[in-house]
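Novice: For the sequence shown, the tail end lands on 329 under the working numbering, and the numbers increase by one without skipping.
Heads up, the beta-carbon is just placed ideally off N, CA and C, and yes, glycines get one too.
Quick one: this structure, given as structure tokens, is what I'll be asking you about.
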Amino acid sequence: MTATFPVDCQPLHAVVGSHTIAGVNPSPRTVFVLEKAQRDRLVLLDTQLAPLIRRYSVADDIQRYGMIPSQKFLLCLPAGWTIQHCQTTATGNDAWQCIAERYPALARHLAIPIADRPFTPNHWWELPSDAIIPHPQQPMCTWQQVRTQVHFTVVTPGHVNANPWLPSDAPWLLGVLNSTPMQRWIQRTSARTAQVATSMIDDLPIPTALIDHPELHRLASATMAIVTQRIQLNQQGLATLVRNFAPLGVPAGTSLRTWYDMDLAGLRVALRKSFKNEIPERLHDEWRTWLTHQRDQHDALGQQISSNDLLINRIVAEYLPVPKA
């Protein structure tokens with residue numbers, strides 16, 4: 005359906021001064037997307053590579069008002085990097101020889117079978133010419149569709165993002181975008197499609213009266229801080245589980261991602277899936293108490309978020325009518 009654009013509103017792209025910018029999703033991922041151990045090893049062998057490897061946020065890191073700390077990194081060799089830094093216009097084996105001589109650690113990392121190398125008119129180890137690598141201080145707002153909701157958040161400074169983004173980190177804007185009135189607008193205007201189109205995000209109506217609205221800014225800023233606190237609590241709890249039950253070097257699996265929503269029986273199942281390990285029966289009471297305490301803290305923060313949501317919804321609802329079905 006096509007909804008009538010509400011009066012006294014501006015499209016999102018006009019408010020932030022830009023249309024949506026595509027995220028960076030290079031191929032093959034085995035070349036460009038690194039685990040922390042791979043990144044640390046490359047930088048240890050060649051410190052010149054440090055500024056070329058950036059933290060990389062992906063869709064699973066996005067939460068409403070916050071981001072889970074990413075443990076992935078992106079090798080950011082922009083188009084033209086080889087010519088500029090190796091002082092050669094050569095392609096093929098000659099260019100590869102220059103890389104091997106000047107950056108031997110990088111050359112070893114890039115040594116993948118010829119059949120797996122992408123077909124590109126540029127040097128295949130460089131990002132596509134249309135890939136936009138944001139400045140480390142560039143403010144970014146991004147989003148991820150989760151069932152019928154679209155979760156908006158600010159990208160952690162310095163990260164490169166896999167999802168689309170807009171150049172803003174304004175708390176008041178996150179308050180508008182994450183509000184129930186805006187989510188209803190999105191649901192009504194995208195009722196016939198499973199995915200929310202980028203063009204639709206660009207054209208979301210932002211009430212002019214809410215631009216830099218002080219109370220909305222205060223409430224959204226407070227919510228962002230609470231969400232950050234809750235993410236830190238959850239990550240600390242996950243680190244405790246890894247420290248106590250994971251074999252050396254084995255990361256937590258997806259089954260433990262929402263450990264804070266589990267009872268002891270569910271946690272034991274998740275530990276078996278992730279680490280093939282078990283909580284000894286004699287320690288069941290101790291871990292049940294720990295889990296209850298962690299969950300209580302998580303829920304208390306969730307209640308604070310819900311209280312702020314109600315106040316934000318009231319402010320936004322005054323200015324953003326829900327389109328008729």
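1) How is MET5 classed by DSSP in three states: helix, strand or coil?
2) For GLN239 and VAL11, I'd like the C-alpha separation in whole angstroms.
3) Residues in the same chain with beta-carbon distance under 7 angstroms from ALA274, minus the five sequence neighbours each way, listed in chain order, please.
4) Where do the N-terminal and C-terminal ends of the alpha helix (DSSP H) with GLU290 fall, by residue?
5) For LEU56, write down the residues that DSSP places opposite it in a beta bridge.
6) Distance check for HIS127 and PRO108, CA to CA, integer angstroms please.
7) Sorted by chain position, which residues of the same chain lie with C-beta nearer than 7 angstroms to THR232's C-beta, five sequence neighbours on each side aside?
8) Sort TRP169, VAL326, GLY179 by Cα distance to ILE25 and report the nearest one.
9) Closer than 8 angstroms by C-beta to LEU223: which residues in its own chain qualify, once you throw out the five before and the five after it? Chain order, please.
10) Work out the CA separation of ILE57 and ILE205 for me, nearest whole Å.
11) Where do the ends of the beta strand (DSSP E) carrying HIS155 lie?
12) Where does GLY84 fall in DSSP's three states?
13) Between the C-alpha atoms of ILE235 and ARG299, what's the straight-line distance to the nearest angstrom?
14) Please report the distance separating the alpha-carbon of CYS145 from that of LEU16.
15) Are the CB atoms of PRO209 and VAL20 within a distance shorter than 8 angstroms?
16) With C-beta atoms as the reference, is VAL200 less than 8 angstroms away from VAL154?
17) May I ask you to report which of helix, strand or coil DSSP gives PRO211?
18) Assign THR193 to one of two classes, buried (16 or more other C-beta atoms within 10 Å of its C-beta) or exposed (fewer than that).
Specialist: Working from what's here:
1) Confidence is the limiting factor: at MET5 the pLDDT is only 45, short of 50, which leaves the residue's position unreliable, though a coordinate-based value still follows. Looking at MET5 - three-state DSSP - the assignment turns out to be coil, as it is neither helix nor strand.
2) 43 angstroms
3) SER259, LEU260, TRP263, MET266
4) Segment 288–321, the alpha helix (DSSP H) holding GLU290.
5) None, per the DSSP bridge assignment.
6) 17 angstroms
7) GLY70, listed in sequence order.
8) For ILE25, the closest of TRP169, VAL326, GLY179 by C-alpha to C-alpha distance is TRP169.
9) GLY179, ASN312, LEU315, ILE316, ILE319
10) 30 angstroms
11) Per DSSP, HIS155 belongs to the beta strand (DSSP E) from 153–158.
12) Look at GLY84 here: in three-state DSSP terms it is coil, with no helix or strand label.
13) The C-alpha of ILE235 lies about 13 angstroms from the C-alpha of ARG299.
14) Taking the CA atoms as reference points, CYS145 sits about 12 angstroms from LEU16.
15) no
16) If you check the CB distance, VAL200 and VAL154 come in under 8 angstroms.
17) strand
18) buried
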